[in-house]
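Working notes, beginning with the structure itself.
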Amino acid sequence: MKQAVAQTYEQARRMNAPRAIALCQCFNGALEFQAGNWREAEAALRDSIKLHREIGAASGEALACQRLGALLTARGRLDEAMAVLEEGVIAAERALLRAHCLARLYAAMVRNRLDAGDVVMAAHALAQGLAMHERHGHCHTCDALLFPVAVSLRIRQGELAAAEDFCNQFEQAAQKYASRMWIAMALASRAELAAAQGDWDGAIAGYDQAHENFAAAGNLYESACCLAAAGAARLRRGAAGDVEAAQRAMEEAQAIGERIGFPMAN
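Structural data, given as structure tokens:
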């Protein structure tokens with residue numbers, strides 16, 4: 010995929026095709042983010058936003074803002090990320106794919122506000138995202154962004170039955186789409202719910218499987234997050250060998266975090 014995007018990008022530059030260049034930079038940013046090359050990802054996404062603005066392509070600008078906002082959130086630059094996401098919402102309001110773009114942006118806002126500890130604003134963003142989701146007819150890509158944050162939010166709110174419902178919906182969507190990345194995300198959401206329910210065996214198994222699928226798909230950041238979460242679940246379970254296994258998982262997660270420039274918390 011990365012090679013194909015690179016070839017298309019070079020061809021677009023030779024042809025002086027700004028719309029194609031902007032689109033390629035958006036894809037480049039997403040791929041670099043997934044691979045853990047965060048500086049390169051940020052540069053590509055900022056370039057994509059700039060180019061889309063210059064040609065008046067609001068949908069492309071909004072989607073690039075969503076991806077940059079997600080990246081900055083992962084890096085812990087929460088206020089900066091929210092500012093970018095809010096710029097994306099402004100662009101999305103004039104986009105041809107308005108509801109689709111807004112659903113993605115609101116999903117990114119939910120994760121950002123959860124990371125900031127602002128459950129009230131996270132709930133507000135989710136409500137808006139789900140409204141957009143209903144309006145444009147249940148896009149599978151929006152499912153993959155909205156359902157995981159919905160699970161996280163409902164768990165934070167103590168609404169485990171509602172979290173279970175979103176888990177079930179996401180698992181069904183992941184099975185239909187047959188994407189390794191989506192399967193990994195669904196496994197991680199199920200593991201998060203299992204941990205909230207005190208099912209440490211289920212949480213560990215889910216996080217381990219999610220880690221394997223994220224690693225196979227080349228998503229280093231999510232892979233490291235699942236390793237760390239599995240390690241934490243092993244410490245909570247406290248079975249024979251869990252402390253040692255947790256330490257190994259934490260060390261591996263830390264190594265990945267250092268590689269991508271975001272050391273995982275101990």
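When you read off a place in the sequence shown, starting at 1, and then add 9, the result is the number in the working numbering.
A virtual CB, placed ideally from N, CA and C, is assigned to each residue, including glycine.
For His109, the enclosing alpha helix (DSSP H) covers residues 107 to 124. Closest option to Leu236, judged by alpha-carbon separation, among Glu261, Trp209, Asp251: Glu261. Around Glu231, the same chain offers Ala193, Met194, Ala197, Ala219, Phe223 as residues with beta carbons nearer than 8 Å, after the five sequence neighbours per side are excluded.
Just so you know, the alpha carbons of Ala50 and Ala44 end up roughly 9 Å apart. Non-local C-beta neighbours of Ala212 in its own chain, meaning closer than 7 Å and more than five positions away in sequence, comprise Ala200, Ala203, Ala204, Ala242, ordered along the chain.
Burial is judged here by how many other beta carbons sit within 10 angstroms of a residue's own beta carbon; Val160 has at least 16 and is buried. In the DSSP annotation of this structure, the continuous segment of the alpha helix (DSSP H) that includes Cys234 starts and ends at 229 to 246.
Between the alpha carbons of Met130 and Arg122 lies a distance of about 6 Å. The beta-carbon distance between Arg144 and Ala108, rounded to whole angstroms, is 5 Å. This is short enough to meet the 8 Å contact definition. In the structure shown, Asp152 adopts helical secondary structure according to DSSP, grouped into three states. Only residues of its own chain outside the window of five on either side were considered, and among them Trp47, Phe271 have a CB closer than 7 Å to the CB of Arg84, listed in chain order.
Between the beta-carbon of Arg113 and that of Gln137 there is about 12 Å, and that puts the pair past the 8 Å contact cut.
Nearest to Ala255 by alpha-carbon distance, out of Gly227, Gly266, Leu162, Asp217, is Asp217. Rounded to whole angstroms, the gap between the alpha carbons of Leu111 and Ala125 is 21 Å. Contact between Ala53 and Gln34 is confirmed by a C-beta separation of about 5 Å, below the 8 Å threshold. Under the three-state reduction of DSSP, Phe179 is assigned to helix. Here Arg22 has Ile30 as same chain residues with Cβ atoms under 7 Å from its own Cβ, once five neighbours each way along the sequence are excluded. Taken through DSSP and simplified to helix, strand or coil, Gln137 comes out as helix. A Cβ-Cβ contact shorter than 8 Å links Ala67 with Arg103.
Per DSSP, Ile265 is one residue of the alpha helix (DSSP H) stretching across 251 to 268. Within a 10 Å sphere around the beta-carbon of Asn177 sit fewer than 16 other beta-carbons, which makes this residue exposed.
Burial state of Arg257 is exposed, judged by a 10 Å Cβ sphere holding fewer than 16 other Cβ atoms. Taking 8 Å as the upper bound for CB-CB distance, Ala182 and His149 are in contact here, some 6 Å apart. If you look at Asn222, you'll find it in the alpha helix (DSSP H) that goes 209 to 226. In this structure, DSSP gives Asn46 a state outside helix and strand, which the three-state scheme calls coil.
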